[in-house]
Amino acid sequence: MSVVQEDERDVAAFPGQRPPRASVGSHRVEEEVFGKAYDPKTVRRIWAYVKPYRLKIYLSVAAVLVFTATQLAIPLIIGNAIDTGLVAGGDPAALTWAVGAFAIAVLFNFAASWVQETQVGQVAEHVLFDMRRAMFAQLQAVSLSYMDKTEVGRLMSRLQGDVNSMQEFLETSVISVGDLVLLFGIVAVLLSLDPWLGLLTLITMPVLFIIRIFWLPPAKRAFWAAHETNSLTAGAMAEGINGVRTVQNLDRQKVNFDLYDDKAYHNLRTQLTGSKYAQVMVPIVDSLTGISMATVVVVGGAMVLNGNLQVGVIVAFLFYIQRFFDPIRSLTMQYSIMQRAMTSGRRIIEVMDLPTVIEDKPGAISLTGAMDGSVEFRDVVFGYDPKRPVLKNVSFKVNPGETVAVIGPTGSGKTSAMALVHRFYEVQSGAVVVGGHDVRDITQESLGEQVAMVLQEPFLFTGTIFENIRYNKASATRDDVIAAAKAVGAHDFIARFANGYDTMLEQRGSNLSLGQRQLLSFARALVADAKILVLDEATANIDSYTERQIQKALEILLAGRTGMVIAHRLATIRGADRIIVLQNGEKIEEGNHDQLMELGGLYSKLYNMNYSSFDDIPDEMVAQANAKAAST
Amino acid sequence: MITLKAGRERSRGDARDHVAAAHAGIGMGPLKRISLYSLRHPFQASLAIGATIVASILQLSIPRLLGQAIDQTQTVLSVAGEGAQEALIWTAAILLLVSVARGGFTLVQNYFSESVGHHVGYELRLAFYDKVQRLSYSYHDRVHSGDLITIGLLDLDGLRMFFATGLVRTVLLAVLIGVGAWMLLSTDLLLGFLALSFVPFVAWRSSVAQLTLRATWLILQEKLSVLTRVMEENLGGIRVVRAFSGQKFELRKFDVASTDALELAHQRVMVRVKNTSMMTFSFFVAMGLVLWVGGNKVIAGEISVGTLASFLTFMTILQMPVRQLGLMVNSYARASTCGERFYAFLDAPVEIEDKPEAVPLEISKGVLRFEDVHFTYPGASVPTLNGISFEAHAGQTIGIVGAPGSGKSTLAHLIPRFYDVTAGRVTLDGQDVRDVTLASLRRSVAVVQQDTFLFTTTIENNIAYGDPWAKDRKIERAAESAQLHNYIMGLPAAYDTVVGERGVSLSGGQRQRLSIARSLVLKPAVMVFDDSTAAIDAGTEHRIRSAIRRFASDRVTMIIAHRLSSLMHADTILFLEDGRIVERGSHEELLALGGKYRALYDLQTRPTDDLEAAQ
Ligand SMILES: Nc1ncnc2c1ncn2[C@@H]1O[C@H](COP(=O)(O)OP(=O)(O)OP(=O)(O)O)[C@@H](O)[C@H]1O
Ligand SMILES: Nc1ncnc2c1ncn2[C@@H]1O[C@H](COP(=O)(O)OP(=O)(O)OP(=O)(O)O)[C@@H](O)[C@H]1O
Ligand SMILES: [Mg+2]
Ligand SMILES: [Mg+2]
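Top line first, the protein sequences correspond to chains A and B.
Using my numbering, the first residue of the first sequence is number 840, and each one after it goes up by one.
Using my numbering, the first residue of the second sequence is number 111, and each one after it goes up by one.
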């Protein structure tokens, strides 16, 4: 089985060379993962999510302290048991006392660890879910101009990766309070048991600190690189999955495989480097432990030998030594976790602080079905990039109950204009007025309920056909859904599925033809039962026959409602009361069919030529039409 | 760029070997299969395992040495002398040596077991990626991309770490617990039993716990994937959400999915906590017993203080690995479920691939033929195409019209073999498309898909997607033909402008033209435009058509469209209805026929009033 095809283009023309302009995955580089370990602003903001659970946090910190105390006590108790109960003939009563003390310590230990872990674990989960929800809710309000620029994958990594590292941080930070106490506790206990031996033993501790200080910067870089290449590889993989149809269509498999191989291999190298840095500390810590133990054995042994020290103390020392690198290790780990959490926290806050731009004014009006359904553009100027306007001083009015067609060459700003009716974006100057109110004075929710849209690109959710057509109109009954499907001529093909309206759609409706998807998204807009219906190329992928049937059905269904229709196929707009012609973001003509024919401008020329282009029209004619429009 | 520097020291052949090796062992259990696969790195694997054995034996000798040291201080008390001091120094020296050596061996153990894991991960990733690219449309129709991503990230991780967290840990635990038990029991039977009393309990508890955790984790993973899907589709379909003011509705969807997941996450925390606390407790109880019984034994003079101390240190050493028993069990469970899913994916039959005797397609005259083609989508009850036959020569244009769902796109997808015919055949210059290599076939057939997908990269890279070696001039020419060049040049970054995800920052028609330009870069023998001018005004379309007519003479052009002006110039027009050709002929012939095509034409050309009058 040949697994990968040889590609003649590659081998023949450019043996072994990378293609000059190919990449897999995005070329973005994530922001640094390790920033400041403590950033008061971030902490304050994050604290807001922890605060509701602060009692639990206090409780678990208390439990951690008890837990640490028992950990400190146990070697002491053992040492004490040896010294009072075992050496020099022994004392059974002292031994029993010691074992009793041990039992109590163990009970406390058990209770404390139980309390601490349940509390912390649950709080961390809660905070994780709360933060994720807050971010998700915020993203529902963030302006589209931001969302347009941001990849879904990137937001998903905020919603998943970043909240997870916050969770990890919360879980470990309580424990590291314990570690800190344990560290100081061990130092204190060792020094109080025997200052000299204690000091000698503890000498290795600063050594470890110093080593770690030198080790940390390169190690951090290595870990960061490993993290980075890992997410780049994952991103390339996700892209390969999402775009697989196009990849196969254009026969890019081989090139992509090689590029992916480069990424994955680079990732392998950084992972190995990361492992090296992580593991190199093991022998260092082990050697230092060995040195400390040897010191205790030699020096402490000599002291016992001279009768200056009891043997139980040595046992206790040896117990402590085995433990005392643990807190240092986990504390330095904690430091990195904290740095990462700060970065994650900053990113999370970044999402929460994303400008919504479009917000309801205080005291915004709520539109109801009783409004007249008029739409008016007053000198609207709008651009995605303020310096490059897409709509230039566009004015027109759609009267209640009217159907108006918007036509114009591709890229002329039709879709953008419709987006403004729904206030997806804010106008730069001028105003869009719906039902007699500036859209900026209307609550967005009520505006959305009164303006239903069929978007140029149909999008369906994973779920049944029924759920998709009904979408968020909870009050719509099954009959409403079926009626809408019938109106758009989708009922027949839906009924042909074995499960009818309960047929599950695959991702983005991929098991339907594009036209069928468009019909469903059309039906969805009908079910919304809104006063204003915006159809952006709603029948572009539908044959004229079906389209005609839809038009007839709509005539009845939409009586008394306002319609705005965008189309390239002129036949689609035949029924329109008025026609607005856009070119390069300017309205160059407006009127009903007869008026425009009489005007003898663009539209009439188009209509007569039928299949000619907007762009075939000489510039002087456009200028003429503009002049005429200006004078009236 | 970093990616280009990497990997000079290896050849492309290696990558292919890895992929082939990952496919070996079909039918084997996942654990066996991944174990054998990990052993493809025999040097590293044996170093890791060897080092594990040595390191654990060294570790076991530490309590012994400590006990010996303590006893040496004790003997000194009675038989004072220089020899004792010296003995202590010796013990300390050995202790130091053992510690250093243990550290070194642990380093080797950890590094090489991780390294095996990273290598295996790298190789499996390649195999995964390769498979994703080879599985045909029908597989990708069925499987949600989110689920594939889960397999490629999480399941692959579970599998790649199996060597370190499963196999190596098994060796470690076997040595530590086995040899440790033997040492303890042979020193003092009763005390040994007491010291080990916590082992079976902890082993059992932690295994049960991990298996429970595993089971809940699987459910949790499912719930989380629902949550992920809710979030992803919400963000991907953000315009729909906004258009319908569906924000509250979406938040409710999110809450339902999220609450479900949160509850399970809580359960997991509780299971975990209950077990770790109980395991620690049982360990300390055993330690207390050893202290008590052992203490009494010391008092009775049966054992030395040093022996007792070494028992106690033994126990601290054993505590960690015994707890890890649960992790080990978990690793087996995880690798086997992850492995099942991963290998099921890897072994999924590729419905469409080269036959063993496939030869490259040879284009001579450029004749496309459909011979009584039938097609039914997998799982569908009704056929989508029913006996389609037609022929087209280079230089000819075929137009296809028909209602939504009549099978136009399906028909087009059969030519580059995105799907295979159920019956009949599709040929190019007499060669059945199933008998030639896929690569050569797809390079000869360019389909401008109805559903435009653009990559999040520059306009230039998008246009050059099918031919990344194309010269700048060629890319510009393609853009010019697609009537996009002027627009691009008006952008501040021109060809280096990054189009947003799936091309959000472009208008519908601009997206379609970009996708047309992408296909124009290729030099195919068959070019299919699947409704790819629906969002483009007739004038622009007209200019695109005249621009590409220059190359049309040596290829078959197929145009699927609803706007008749797009295809009225075609040599033959096929009218499709429910997967059958119900009318065929040139524009004039079909008009003269006065059938369905005629009706469609009238609808598009005559004013409404005429129509109503005519009816
Ligand atoms: N989200 C966006 N961000 C930035 N620029 C955009 C965005 N959407 C559209 N544009 C640009 O604005 C201009 C107008 O686009 P619009 O989608 O309104 O055109 P249109 O008239 O609907 O065209 P078509 O008929 O092709 O759909 C185009 O040049 C387009 O590139
Ligand atoms: N991936 C798929 N899996 C199952 N059924 C499918 C799939 N794609 C399409 N179908 C079904 O096959 C039929 C034909 O679909 P096809 O996409 O070929 O239609 P079309 O003629 O291109 O329609 P349109 O004009 O809407 O693009 C439809 O009924 C559709 O529901
Ligand atoms: Mg548009
Ligand atoms: Mg289609």
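Note that the Cβ used here is the ideal one computed from N, Cα and C, for glycine as well.
Nothing here was measured: the structure is a model prediction, and the numbers come from that model.
For residue i, the three-state DSSP class (helix, strand or coil)
i               : result
G1302 (chain A) : strand
E693 (chain B)  : strand
A902 (chain A)  : helix
H523 (chain B)  : helix
D1218 (chain A) : strand
D1280 (chain A) : helix
Q1422 (chain A) : strand
Q541 (chain B)  : strand
R535 (chain B)  : strand
A513 (chain B)  : coil
V383 (chain B)  : helix
Backbone CA spacing between residue i and residue j [nearest angstrom]
i               : j               : result
L266 (chain B)  : G227 (chain B)  : 11 Å
G1151 (chain A) : A211 (chain B)  : 28 Å
L187 (chain B)  : L207 (chain B)  : Low confidence applies to L187 (chain B): its pLDDT is 49, below 50, so where it sits in the model is not reliable, and the reading given next is rough at best. Using only the alpha carbons, I get a separation of about 27 Å.
R451 (chain B)  : R324 (chain B)  : 15 Å
A963 (chain A)  : R971 (chain A)  : 12 Å
G1017 (chain A) : F906 (chain A)  : 8 Å
L574 (chain B)  : R612 (chain B)  : A small correction: the amino acid at residue 574 (chain B) is Ala; Leu does not occupy that position in the sequence shown. Whole-angstrom Cα-Cα distance: 16 Å.
S248 (chain B)  : Q1355 (chain A) : 18 Å
E463 (chain B)  : Q622 (chain B)  : 29 Å
L478 (chain B)  : Q541 (chain B)  : 9 Å
I199 (chain B)  : V1135 (chain A) : 11 Å
A130 (chain B)  : L234 (chain B)  : 10 Å
I569 (chain B)  : R1084 (chain A) : 19 Å
N1095 (chain A) : K518 (chain B)  : 30 Å
R535 (chain B)  : T1195 (chain A) : 56 Å
Minimum C-alpha distance to residue i - residue among the options
i               : options                              : result
A454 (chain B)  : B:K475, B:L206, B:M138 and B:L686    : B:M138
Q559 (chain B)  : B:L521, B:H128, B:F153 and B:A419    : B:L521
G436 (chain B)  : B:D365, B:V218 and B:L321            : B:L321
R1335 (chain A) : B:H250, B:P493, B:P140 and B:D298    : B:P493
H254 (chain B)  : B:V336, B:S491, B:R544 and B:H697    : B:V336
N1307 (chain A) : A:G1287, A:R1185, A:I917 and A:Y1340 : A:Y1340
Q182 (chain B)  : A:Q979, A:V1137, A:A973 and A:D969   : A:V1137
G992 (chain A)  : A:E1078, A:V926 and A:G1247          : A:E1078
I204 (chain B)  : B:F661, B:L168, B:S550 and B:N220    : B:L168
K142 (chain B)  : B:V312, B:A513 and B:L277            : B:L277
Partners in chain B for residue i, counting only beta-carbon separations shorter than 9 Å
i              : result
A932 (chain A) : Near A932 (chain A) there are no residues of chain B at all, since even the closest Cβ is about 11 Å away, more than 9 Å.
Proximal residues of chain B, C-beta to C-beta of residue i below 7 Å
i               : result
W953 (chain A)  : V383 and S387
S1349 (chain A) : D251
D987 (chain A)  : G610, V614 and S615
L994 (chain A)  : L345
Residue i - containing beta strand (DSSP E), residue span
i               : result
S1268 (chain A) : S1268 to V1273
A1244 (chain A) : T1242 to I1246
S766 (chain B)  : Residue 766 (chain B) lies beyond the stretch modelled for chain B, which goes from 111 to 725, so this question has no answer here.
Below-9 Å beta-carbon distance, residue i vs any chain C residue
i               : result
E1007 (chain A) : No chain C is present in this structure, whose protein chains are A and B.
Interface residues of chain A facing residue i [CB-CB closer than 7 Å]
i              : result
E570 (chain B) : R860
Where residue i meets chain B, residues with beta-carbon distance less than 8 Å
i               : result
I1137 (chain A) : It is Val, not Ile, that sits at residue 1137 (chain A) in the sequence shown. Ordered by position in chain B, the residues that pass the 8 Å Cβ test against V1137 (chain A) are L198, I199 and A202.
A1367 (chain A) : F354
Contact list for residue i against chain A, beta-carbon separation under 9 Å
i              : result
I144 (chain B) : Neighbours of I144 (chain B) on chain A: none; closest Cβ ~18 Å, over 9 Å.
Enclosing alpha helix (DSSP H) for residue i [first to last residue]
i               : result
F1053 (chain A) : T1043 to N1081
L1030 (chain A) : V1002 to L1032
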